[in-house]
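K.L.:
Dropping a structure here in structure tokens format, bear with me for questions.
Number of protein chains: 4
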Amino acid sequence: MTFRPPYRGGRHFLQIPGPSNIPDRILRAMDYPTIDHRGPQFQVLARKILADLGELFGTAQPVMVYPASGTGAWEAALVNTMAPGDQVLMYETGHFAALWQNLARKLGLDTETLPGDWRHGVDAAAIERRLRADDGHRIKAVCIVHNETSTGVLSDVPAVRAAMDRAGHPALLMVDTVSSLGAVEYRHDDWGVDVTISGSQKGMMLPAGLSFNAISAKALAAAERGGMPRSYWNWQDIIQANQKGSWPYTPATNLLYGLSEACDMLREAGLAQVHARHIRHGAAARAAVAAWGLENNCADPAEYSPVLTTVRMPEGHDADAFRAIVLDRFDMSLGQGLGKLSGKVFRIGHLGDFNDLSLMGTLAGVEMGLALAGVPHRAGGVQAAMDVLREHAAAAR
Amino acid sequence: MTFRPPYRGGRHFLQIPGPSNIPDRILRAMDYPTIDHRGPQFQVLARKILADLGELFGTAQPVMVYPASGTGAWEAALVNTMAPGDQVLMYETGHFAALWQNLARKLGLDTETLPGDWRHGVDAAAIERRLRADDGHRIKAVCIVHNETSTGVLSDVPAVRAAMDRAGHPALLMVDTVSSLGAVEYRHDDWGVDVTISGSQKGMMLPAGLSFNAISAKALAAAERGGMPRSYWNWQDIIQANQKGSWPYTPATNLLYGLSEACDMLREAGLAQVHARHIRHGAAARAAVAAWGLENNCADPAEYSPVLTTVRMPEGHDADAFRAIVLDRFDMSLGQGLGKLSGKVFRIGHLGDFNDLSLMGTLAGVEMGLALAGVPHRAGGVQAAMDVLREHAAAAR
Amino acid sequence: MTFRPPYRGGRHFLQIPGPSNIPDRILRAMDYPTIDHRGPQFQVLARKILADLGELFGTAQPVMVYPASGTGAWEAALVNTMAPGDQVLMYETGHFAALWQNLARKLGLDTETLPGDWRHGVDAAAIERRLRADDGHRIKAVCIVHNETSTGVLSDVPAVRAAMDRAGHPALLMVDTVSSLGAVEYRHDDWGVDVTISGSQKGMMLPAGLSFNAISAKALAAAERGGMPRSYWNWQDIIQANQKGSWPYTPATNLLYGLSEACDMLREAGLAQVHARHIRHGAAARAAVAAWGLENNCADPAEYSPVLTTVRMPEGHDADAFRAIVLDRFDMSLGQGLGKLSGKVFRIGHLGDFNDLSLMGTLAGVEMGLALAGVPHRAGGVQAAMDVLREHAAAAR
Amino acid sequence: MTFRPPYRGGRHFLQIPGPSNIPDRILRAMDYPTIDHRGPQFQVLARKILADLGELFGTAQPVMVYPASGTGAWEAALVNTMAPGDQVLMYETGHFAALWQNLARKLGLDTETLPGDWRHGVDAAAIERRLRADDGHRIKAVCIVHNETSTGVLSDVPAVRAAMDRAGHPALLMVDTVSSLGAVEYRHDDWGVDVTISGSQKGMMLPAGLSFNAISAKALAAAERGGMPRSYWNWQDIIQANQKGSWPYTPATNLLYGLSEACDMLREAGLAQVHARHIRHGAAARAAVAAWGLENNCADPAEYSPVLTTVRMPEGHDADAFRAIVLDRFDMSLGQGLGKLSGKVFRIGHLGDFNDLSLMGTLAGVEMGLALAGVPHRAGGVQAAMDVLREHAAAAR
């Protein structure tokens with residue numbers, strides 16, 4: 001019997017901060033017979049996708065497509081460029097930064113983490129200080145998360161690049177954009193990033209199962225002269241195969257169909273417009289949170305995420321009990337608190353294939369859920385968000 | 001190039017009062033290769049569907065399935081039972097009642113219409129009076145619309161039956177349930193209806209393309225001894241073929257796949273629960289309309305439709321200009337005013353595959369649209385609707 | 001539980017002569033949310049489809065699209081143009097001609113049928129003779145079936161037109177192309193047809209549920225001054241609505257998505273190439289039948305159908321027992337004998353979305369089935385068909 | 001514009017030995033909105049799949065599901081159990097064995113390969129000899145390919161197990177079943193395999209993008225006390241997460257929908273029946289090859305693959321030129337020669353969702369292609385295969 005959740009009436013609101021809601025066009029594009037991955041039609045597809053990805057990442061350099069989760073692309077970035085025991089500098093913006101650090105450590109790297117409070121983005125000045133102190137250039141890479149999905153904080157990538165440049169430090173800059181790419185402006189080449197890691201299931205509006213490494217000439221050179229023992233993640237094999245419109249092992253063709261469609265749709269809607277929409281939705285969601293009298297986990301207005309809003313629960317109230325009520329009563333999945341924020345926050349995803357009215361439904365579900373769960377709050381959040389959206393719409397005339 | 005509306009970001013809100021939003025499960029069920037309509041597997045499907053439909057219409061008698069729009073099922077009801085020149089009594093609840101009357105007239109019937117103000121349901125007493133005056137029983141059928149989709153008014157079918165019984169009149173009772181079946185309680189047998197007309201694209205959550213006649217023994221007897229020249233719509237041929245698990249001409253197999261799934265889903269969610277949901281959504285939508293200070297087109301609270309809410313525009317404001325703004329800014333389709341209500345009302349569909357949060361998004365789109373279009377109104381409609389839904393959710397604990 | 005035939009391994013061969021196998025692209029195009037049938041996007045779709053259909057039927061005049069089976073389009077052709085009691089001349093090419101005649105009679109027309117032996121096409125000379133004898137021009141329409149799906153015989157439409165012209169008779173020429181359009185060359189305007197009837201589920205590669213009337217100015221004039229009482233099928237209402245990119249009642253939008261895709265695909269493959277493919281497959285299928293030593297039901301080589309091959313069973317052998325074995329052992333549905341050919345023939349559909357290798361699989365299933373069913377035949381049919389296809393492929397270099 | 005190969009008429013024959021043709025039911029199961037991978041419904045899905053996989057692999061021990069290609073699962077098997085520099089014994093059955101060896105070497109393992117001629121399976125006696133000579137038990141793993149997809153040879157896994165047991169050697173036995181699982185009988189536990197590697201895109205009838213490790217207690221113990229630095233592939237993390245119905249990183253939920261459906265379908269058809277079907281198709285394909293007078297690449301009848309048939313080209317004829325003709329003329333993709341067989345063989349995939357008539361179409365395409373390409377051969381292959389299938393069907397009565 002085909003797996004389907006029991007029917008409740010109406011469409012589930014998948015408002016975790018990714019995987020995001022998948023547009024019908026993408027699901028339909030994927031639902032098509034697989035073609036020969038060594039045949040001429042596949043080459044047409046492969047070449048189109050590789051060109052599309054350059055546009056999306058803002059790069060004229062190669063982009064690796066892995067049949068893997070985003071976690072795999074984290075691993076790929078490191079094993080291609082770092083030798084066992086190399087030192088990497090991470091910045092603890094939140095749970096995902098911590099997971100990446102954990103992964104690096106498991107791979108045998110010497111990780112050092114600049115501490116964070118999970119409410120702010122990367123402190124570029126702290127990175128600069130640390131790099132300046134690294135006289136011997138033992139640090140081989142600086143690893144940061146663009147949009148920290150656990151905290152709702154967006155970091156300033158160009159500021160980190162500038163800090164590294166000011167420090168005159170040769171470490172590679174690696175940036176996780178799993179939950180930002182496609183949703184938030186990003187420019188791999190212009191911003192001087194060496195390895196950009198991303199995944200399919202957030203701003204790219206695809207199911208999970210594809211992940212990416214955009215690279216720089218410097219990163220590629222590092223891979224060519226070193227890295228760790230590796231095969232699956234090996235950039236050079238992929239680059240070589242890509243030149244013939246193929247991949248070195250069987251690609252996930254049906255997900256690639258979806259990727260092609262996603263790139264077309266983002267182009268069709270206009271990438272700048274898509275970014276503006278995410279910014280607008282972030283603003284509206286925060287207006288709701290403020291009206292409820294709840295606290296945004298992101299402490300610095302300059303770093304609010306356009307992709308999700310992380311809301312701190314009042315002391316003595318369990319975020320997961322609240323989330324369970326919202327799921328049960330309103331068929332909406334909200335994001336849980338992760339790591340040390342477990343139970344203390346809930347996360348509202350407002351990314352991917354999403355619009356003003358879906359956001360209003362989402363915020364209404366939160367507001368009603370707060371009441372049903374007995375969480376102290378003021379009414380009026382939905383109204384406040386609506387005011388924001390209405391003003392945007394009026395200004396757009 | 002596959003037809004697709006240009007991508008705007010997020011899901012279109014199709015809040016016309018039908019065709020309604022189609023659940024993914026139904027679209028997927030339909031997207032399956034056609035099978036031989038004369039083969040054994042098809043018979044399994046046909047028999048399942050015919051049993052399902054009995055449950056849905058509340059009847060132990062035959063239900064005809066036509067590969068046709070609801071309009072075809074109107075025609076079918078009449079051509080099977082009425083002879084040319086027969087008199088039929090209609091009740092002008094609104095545009096669809098008027099269209100049906102028009103159709104009857106084109107078919108050569110002698111139609112008489114009891115006038116209505118397009119703001120009330122059927123006046124059973126008026127029908128009783130008219131039937132009592134029909135000494136010679138020239139009137140062969142009484143035709144009413146259960147849920148008048150143009151006005152947002154629900155009529156009381158058992159009251160009409162009782163009126164006919166009190167008048168001791170032998171006319172057939174024909175009821176259009178195109179926009180009510182599946183969404184509003186309906187009992188063909190218990191309510192003594194002779195022909196129930198319905199369509200797939202509203203409460204049944206399917207695309208348009210299938211329509212139905214549920215019949216009574218009395219209606220079938222009328223068909224057997226008379227009716228008009230007919231072939232496509234002929235009940236007897238269908239009943240005979242159905243006994244072998246087939247239809248007399250090529251059925252719309254892929255739509256039947258969807259119908260089977262729809263019946264499963266309604267059963268899964270519980271038909272009573274589905275009806276209660278529609279009632280709840282009607283109440284919430286009306287709370288919004290009242291808070292906006294706008295007027296509900298339905299003048300009698302006992303007759304509010306659970307399926308749609310028809311809102312009257314303030315004098316001097318064009319409903320279609322407002323609707324165009326909502327479509328342009330918020331990617332939501334609202335129903336237009338039909339017939340003599342053109343430009344004077346807009347209609348909010350809240351039927352089919354729909355839930356509390358979708359309704360909140362819908363009402364937010366209306367409220368923001370009112371502001372953008374400069375339609376005089378008070379804020380607070382969304383809040384009022386949310387209060388209704390929240391109280392329901394709290395009571396449901 | 002979603003209806004699905006039990007899984008047997010591999011794809012069912014649906015080799016009835018329609019509904020034909022539906023290409024994945026069309027199923028996917030249909031599996032998309034319904035849009036507002038009164039909104040601007042729908043108008044884009046409607047206008048595209050109406051233009052596409054003109055190309056497909058070979059006409060610059062209006063084409064009606066009905067949410068109905070092909071049988072409905074038969075009815076539509078007659079009720080728009082014929083008055084009750086009008087005389088129509090049919091030609092009994094086989095079961096479908098007989099069904100149409102039956103339908104005409106039920107609608108109250110005075111039908112006269114020129115007899116046929118179910119093994120030949122329309123005898124244009126017989127029609128000419130009959131029309132010449134109709135001094136008073138009582139005959140209002142000549143109705144023929146282009147490709148008689150029950151017998152596997154293709155009739156010569158231009159020859160009938162020429163016969164009518166020679167007879168100087170004003171009757172309308174009506175042609176059923178349900179199983180030919182899209183698969184066999186057809187030119188509504190050039191051939192002087194007044195009403196062309198067609199359906200979606202054969203050469204057009206769609207599911208059943210849409211049917212068509214292409215008309216002439218003369219037919220439209222007849223409709224404007226007469227016809228029968230009608231509403232659902234009424235051309236004028238449709239033509240008027242089409243001018244605004246709509247239909248007079250709710251269209252089967254999801255089937256229209258498929259229709260748009262089908263027209264694109266036929267254009268992409270090249271209509272002339274599609275026709276040539278059907279001719280080639282007919283030739284190969286007949287080579288197999290000849291090699292088996294079985295008899296083609298079509299008695300005149302000039303009239304072989306490119307769409308299906310109807311094979312006569314040797315005396316004393318039941319076609320349906322053979323078909324049941326083929327279905328059971330090889331998961332292939334073949335067409336049954338219809339009407340007076342019941343049990344005496346089986347029909348091999350080779351139409352729609354079909355190619356050389358699918359035909360070879362089909363013929364192999366027939367040849368193996370003949371052996372398993374103990375039907376006297378010679379081996380070598382598959383080989384003979386393969387020789388035909390190989391030679392074509394060689395010549396195509 | 002949605003990527004679609006240009007329409008040619010009919011369905012492409014994807015007769016490479018994987019990815020195999022995907023059944024419509026699986027594509028439809030995948031084409032469904034993603035659900036929250038941390039929510040309760042996902043847990044239901046995860047638990048069902050893990051139970052299904054135990055059945056499919058024939059194991060009561062954990063099965064890892066990776067969002068990765070089969071190549072990733074090769075890597076996973078090694079990095080979990082082998083320390084850098086460990087010696088592994090491979091057996092060169094063909095291209096895929098060589099690729100795996102290459103991968104192992106890149107990971108820093110000390111690989112030793114027992115040579116093969118690419119026409120035979122694993123020589124268990126040779127393995128036994130080598131293991132007996134390994135006094136110090138330096139060899140930590142024996143790695144073999146069950147069905148060598150490049151050569152069309154099936155190896156005897158229990159024979160290798162017995163050889164290892166006879167040698168009294170503690171090395172782990174690792175078996176690649178990427179192209180056999182689901183199509184050929186396989187029993188992880190009964191056969192004493194320590195790590196079984198598999199992939200989704202062949203016998204499991206899914207798109208590429210999922211791969212698997214079934215493990216033994218001994219393999220898990222090895223992983224717990226050692227292995228290489230690893231994170232993405234780490235078994236312990238997965239086992240731990242699986243206990244809560246989740247995975248340690250975002251799973252490829254939509255592929256998992258398909259996996260659930262695939263397991264249901266294999267159960268529905270009966271795994272034994274599915275295996276028998278593959279054996280029958282192998283026999284029929286070989287009968288064709290023999291009749292053509294061509295040489296099967298597999299030299300030992302005891303080792304014929306039921307999954308594909310690899311055909312050697314006559315000297316002086318290029319397999320790829322032949323394959324290009326078949327693709328161009330008959331829209332069929334055949335497998336190319338890989339590695340040192342490049343240009344020298346072509347491979348006919350007859351696996352996955354496939355039936356007798358599809359096989360006949362496939363073989364007809366090969367036979368016609370041989371003629372068009374001017375490859376010396378005798379006619380009659382199709383006939384010979386048909387004889388095999390017909391006899392099977394007759395015996396099945």
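Read top to bottom, the protein sequences are chains D, L, Y and A. Using full-length UniProt numbering, read the first sequence as starting at 1 and increasing by one per residue. Using full-length UniProt numbering, read the second sequence as starting at 1 and increasing by one per residue. Using full-length UniProt numbering, read the third sequence as starting at 1 and increasing by one per residue. Using full-length UniProt numbering, read the fourth sequence as starting at 1 and increasing by one per residue. Beta carbons: idealized from backbone N, C-alpha and C, even for Gly. Just so it is clear, the structure is predicted and the values come from calculations on it, not from any experiment.
1. Does any C-beta atom of chain Y lie closer than 7 Å to the C-beta of residue 7(A)?
2. Using the C-alpha atoms, what's the distance from residue 369(Y) back to residue 396(A)?
3. Do we get a CB-CB distance below 7 Å when we pair residue 353(L) with the residues of chain D?
4. Quick one: Cα of residue 363(L) to Cα of residue 56(L), how far?
5. Output yes or no for whether 7 Å exceeds the beta carbon distance between residue 398(L) and residue 145(L).
6. Note down, one range per segment and in chain order, each beta strand (DSSP E) of at least 3 residues found wholly within the stretch 10-94 of chain A.
7. DSSP beta-bridge partners for residue 346(A)?
8. Going along the chain, which residues of the stretch 19-39 of chain A sit with their C-beta nearer than 7 Å to a C-beta in chain L?
9. Check whether the Cβ atoms of residue 25(D) and residue 261(D) sit closer than 7 Å, and answer yes or no.
10. Kindly indicate if chain D contains any beta-carbon less than 7 Å away from that of residue 2(Y).
11. Less than 7 Å between the beta carbons of residue 63(L) and residue 212(L), yes or no?
12. Only counting the same chain, and skipping five residues up and downstream in sequence, which positions put a Cβ closer than 7 Å to that of residue 223(A)?
13. Using the Cβ count rule (16 or more neighbours within 10 Å means buried), how would you classify residue 85(D)?
14. Please list, in chain order, the chain D residues whose beta carbon lies closer than 9 Å to that of residue 183(L).
15. How about residue 91(Y) and residue 107(Y): are their beta carbons less than 7 Å apart?
16. Quick check: the stretch 335-353 of chain L against the stretch 185-192 of chain L, are there 3 or more CB pairs under 8 Å?
17. First and last residue of the beta strand (DSSP E) that includes residue 140(Y)?
18. Looking at residue 179(Y) and residue 147(Y), is the spacing between their C-beta atoms short of 7 Å?
19. Under 8 Å by Cβ, that's how I've got residue 352(L) and residue 358(D) pegged, so tell me the actual separation to the nearest angstrom.
20. Would you report the Cα separation of residue 61(L) and residue 48(L), rounded to the nearest angstrom?
21. Could you please tell me which residues of the stretch 330-355 of chain Y, in chain order, have their CB closer than 8 Å to any CB of chain L?
22. Give the DSSP bridge partners of residue 177(Y), in chain order.
23. Counting C-beta neighbours from all protein chains within 10 Å, is the total for residue 166(L) 16 or more, i.e. buried, or is it exposed?
24. Assuming residue 114(L) is part of the beta strand (DSSP E), what are its boundary residues?
25. List, in order along the chain, the chain L residues whose C-beta lies closer than 7 Å to that of residue 367(D)?
26. Please state the DSSP three-state secondary structure of residue 257(A).
27. Classify residue 258(L): buried if its beta carbon has 16 or more other beta carbons within 10 angstroms, exposed otherwise.
28. Ordered along the chain, which non-local residues of its own chain (more than five positions away) have a Cβ less than 6 Å from that of residue 118(A)?
29. Starting from the beta carbon of residue 457(D), find every residue of chain A whose beta carbon is closer than 9 Å, and list them in chain order.
30. Could you tell me which of 385(D), 67(D), 2(D) and 16(D) sits nearest to residue 202(D), measuring between CA atoms?
31. Who pairs with residue 195(D) in a beta bridge, going by DSSP?
32. Note down, in chain order, each residue of its chain lying with its Cβ closer than 6 Å to the Cβ of residue 314(Y), except the 5 sequence neighbours on either side.
P.N.:
This is what the structure gives:
1. As a first step, residue 7(A) is located in the fourth sequence; it is residue number 7 there, counting from the start. For residue 7(A), the answer is yes, since a Cβ of chain Y falls inside 7 Å of its Cβ.
2. The residue labelled residue 396(A) in the question sits at position 396 within the fourth sequence. The residue labelled residue 369(Y) in the question sits at position 369 within the third sequence. Going by the C-alpha atoms only, they are around 13 Å apart.
3. Numbered from 1 along the second sequence, position 353 holds the residue referred to as residue 353(L). At least one chain D Cβ lies under 7 Å of residue 353(L).
4. For the purposes of this step, residue 363(L) is taken as residue 363 along the second sequence, with counting starting at 1. For the purposes of this step, residue 56(L) is taken as residue 56 along the second sequence, with counting starting at 1. So the alpha carbons of these two residues sit roughly 30 Å apart.
5. Limits of chain L in this structure are 1 at one end and 397 at the other, which puts residue 398(L) out of reach.
6. Fully enclosed beta strand (DSSP E) runs of 3 or longer: 13-15, 63-66 and 87-91.
7. Translated into the one-based positions of the fourth sequence, residue 346(A) becomes position 346. Answer is 311(A) and 336(A).
8. Those would be 24, 28, 31, 32 and 33, in chain order.
9. Along the first sequence, read from residue 1 onward, the residue named residue 25(D) stands at position 25. Along the first sequence, read from residue 1 onward, the residue named residue 261(D) stands at position 261. Contact: yes.
10. In the third sequence, the residue the question calls residue 2(Y) occupies position 2. Cβ-Cβ to chain D under 7 Å: yes for residue 2(Y).
11. Here the question's residue 63(L) lines up with position 63 in the second sequence. Here the question's residue 212(L) lines up with position 212 in the second sequence. Going by C-beta atoms, residue 63(L) is nearer than 7 Å to residue 212(L).
12. In the fourth sequence, residue 223(A) corresponds to position 223, counting from 1. Close CB contacts of residue 223(A) within its chain, under the 7 Å cut and outside five residues either way in sequence, are with 80, 81, 235 and 236 (chain order).
13. Taking the first sequence and counting its residues from 1, one reaches residue 85(D) at position 85. Residue 85(D) comes out exposed.
14. Mapped onto the second sequence, residue 183(L) falls at position 183. By Cβ distance, chain D contributes nothing, its closest Cβ being about 10 Å from residue 183(L), past 9 Å.
15. Mapped onto the third sequence, residue 91(Y) falls at position 91. Mapped onto the third sequence, residue 107(Y) falls at position 107. No.
16. Verdict: no, contact absent.
17. As a position in the third sequence, residue 140(Y) is number 140, starting the count at 1. Here the beta strand (DSSP E) through residue 140(Y) covers 139-145.
18. Within the third sequence, the letter at position 147 stands for residue 147(Y). Within the third sequence, the letter at position 179 stands for residue 179(Y). Contact annotation: residue 147(Y) and residue 179(Y) have beta-carbon atoms nearer than 7 Å.
19. What you label residue 352(L) is simply residue 352 of the second sequence in a count that begins at 1. What you label residue 358(D) is simply residue 358 of the first sequence in a count that begins at 1. Rounded to whole angstroms, the Cβ separation of residue 352(L) and residue 358(D) is 18 Å, and the two are not in contact under 8 Å.
20. Taking the second sequence and counting its residues from 1, one reaches residue 61(L) at position 61. Taking the second sequence and counting its residues from 1, one reaches residue 48(L) at position 48. CA-to-CA, the gap between residue 61(L) and residue 48(L) works out to about 15 Å.
21. Under the 8 Å Cβ criterion, the stretch 330-355 of chain Y contributes 333 and 336.
22. In the third sequence, residue 177(Y) corresponds to position 177, counting from 1. Partner residues in a beta bridge of residue 177(Y), as assigned by DSSP, do not exist.
23. Counting from 1 along the second sequence, the entry for residue 166(L) is found at position 166. By the neighbour-count rule (16 or more Cβ atoms within 10 Å), residue 166(L) is not buried but exposed.
24. Numbered from its first residue, the second sequence carries residue 114(L) at position 114. That run of the beta strand (DSSP E) goes 110-114.
25. The residue labelled residue 367(D) in the question sits at position 367 within the first sequence. Within chain L, the residues near residue 367(D) are 386.
26. As a first step, residue 257(A) is located in the fourth sequence; it is residue number 257 there, counting from the start. Helix at residue 257(A).
27. Locating residue 258(L) in the second sequence gives position 258, where the first residue counts as 1. Buried: at least 16 other Cβ atoms inside 10 Å.
28. Your numbering for residue 118(A) matches position 118 in the fourth sequence. Scanning its chain for C-beta atoms nearer than 6 Å, with the 5 sequence neighbours on each side dropped, one finds around residue 118(A) the residues 94 and 151, in chain order.
29. Residue 457(D) falls outside the range modelled here, since chain D spans only 1 to 397, and no answer is possible.
30. Residue numbering aside, residue 202(D) sits at position 202 when the first sequence is read from its first letter. Nearest C-alpha to residue 202(D): 16(D).
31. Numbered from its first residue, the first sequence carries residue 195(D) at position 195. Looking at the DSSP output, residue 195(D) bridges to 174(D) and 215(D).
32. Mapped onto the third sequence, residue 314(Y) falls at position 314. Closer than 6 Å at the Cβ level, and outside the excluded window around residue 314(Y), lie 376.
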